[in-house]
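Going by our numbering, 1011 is the number at position 87 of the sequence shown; the sequence numbering is gapless.
For glycine and all other residues, C-beta sits at the position ideal for the given N, C-alpha and C.
These numbers were taken from a predicted model, which means no experiment stands behind them.
The structure under discussion appears below in the form of structure tokens.
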Amino acid sequence: MVLHSEKDNGSTAGETENAPLASADAGTSCHTHTHDEDTERRSHHSDKVKNNLISRLNRIEGQIRGVKGMIDKDTYCDDVLNQIAAVQSALNSVGKLLLEGHMKSCVIERIQEGDTDVIDELLVTVNKLMK
């Protein structure tokens, strides 16, 4: 049983999930909003970027439901593990796209504003992504 990973359009999971996000650098920016004493940081993705990310996440959600079904049907462990690897790869691809957009917009903006703490924040985030 192959879920939305290796054989969708004849391409591998790596090819479809690692496809570049159209204008990732131009479609994302981060802003800090101040409400009373609270500071809230938000990103503002273009509709194209947001739709791409949501589409990828919906596909991943379907893959996870498929894995649950495989376990429920007592599917051979190696097959389940391969699907789990495909899910992890797809999630990593979403993370890479968000990281790229974040670095090309939010991080640059904050550095240009003189906020070098963003570098430490970015390093913590990258370390979490690389675990």
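- E1037 carries a coil assignment under DSSP once its states are collapsed to helix, strand and coil.
- Following the DSSP letters along the chain, one finds M994 inside the alpha helix (DSSP H) bounded by residues 971-996.
- In this structure V991 is in contact with V1004, their Cβ atoms being roughly 6 Å apart against a cut-off of 8 Å.
- Between the segment 1005-1013 and the segment 980-994 there are three or more C-beta pairs closer than 8 Å, enough to call the two in contact.
- V1031 sits close to V1042, with the two beta carbons spaced by under 7 Å.
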